[in-house]
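Notes for the one structure printed next.
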Amino acid sequence: MARALTEIAAPWTVNIASCLILGFAIGHSGWGAFVALFAGVLPMALIVWGMVRDRIGDHHVTEHSERHGLIGAILGLVLVALVVQLVAQGPTEMIALTCAGLVTLVGIGVWTSGVGVKASVHMGVWCGVVAVLAVALSAWWWTGLVLAPAIAWSRMRLKHHTGKEIAVGAGTGLVIAPLTYLAIVNFPY
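Using my numbering, read the sequence shown as starting at 1 and increasing by one per residue.
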């Protein structure tokens, strides 16, 4: 059960789903698919490439030391997506979602590389996505937080994270993602 929850709530799958949901909801499914590519598909491809080259041990990147370069590479991918959206004048909501993910990932990176805490990306992405969809679409999305304890349990059960790492990841996503999203949609560039 823990393994299944961890796979279902993996950051790449949650990112893909959230991009497609928001894109569809605002009438820009194509932009949703574009952002999903850069926020979910390509980051997972980077992880698999790292595994093939023996630089990453598993697709959940459980080793703290393997996360530093990967976070930088994923930040680069998300920045490319952001630049394309800005140049092509993509929908503000998708740009805001991209910025929310980018700033949350920077926060996770600060915890991981700066402070030395292996913040849970699973929890940061899950809580951040729930919060963004709640402020962007409907308060009903907040109900997604009822699954957060089960996801946290799965990460701890598999010994991938401690309670502190879970809390840091969840708090980072829950605070940074919706505040960034709201800042962009309310004060557009």
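Backbone N, C-alpha and C define an ideal beta-carbon position, used for all residues, glycine too. Model, not experiment: these values are computed from the prediction.
Boundaries for alanine 88: no alpha helix (DSSP H) harbours it, and the DSSP string shows neither H nor E there.
DSSP places lysine 159 outside both helix and strand once states are collapsed to three, so it counts as coil.
Counting C-beta pairs with one atom in each stretch, the region 97-115 and the region 66-83 have three or more that are closer than 8 Å, which means they touch.
Rounded to whole angstroms, the gap between the alpha carbons of lysine 118 and glycine 169 is 8 Å.
One alpha carbon belongs to alanine 25, the other to glycine 69, and they sit about 34 Å apart. Going by DSSP, arginine 3 is part of the alpha helix (DSSP H) stretching over 2-8. Scanning Val130, Lys159, Ala45, Ala73 for the CA closest to the CA of leucine 105 turns up Ala73.
When only Cα atoms are considered, valine 135 and tryptophan 126 end up about 14 Å apart. For serine 138, there is no enclosing alpha helix (DSSP H), as DSSP gives it neither H nor E. By the neighbour-count criterion, in which a residue is buried when 16 or more other Cβ atoms sit within 10 angstroms of its Cβ, glutamate 93 is buried. Ranked by Cα distance from valine 35, the options Gly76, Leu20, Leu5 are led by Leu20.
Under the three-state reduction of DSSP, lysine 164 is assigned to helix.
Judged by DSSP secondary structure, valine 117 falls outside any alpha helix (DSSP H); it is assigned neither H nor E. A straight line joining the alpha-carbon of glutamate 165 with that of glycine 109 spans about 13 Å.
Going by C-alpha positions, glycine 114 is about 10 Å away from glycine 107. Relative to the Cα of valine 78, the nearest Cα in the group Val132, Trp12, His28, Trp49 belongs to Trp12. By a beta-carbon distance limit of 8 Å, proline 91 does not contact valine 132. Their separation comes to about 14 Å. At a Cβ-Cβ threshold of 7 Å, valine 103 and isoleucine 16 do not count as neighbours.
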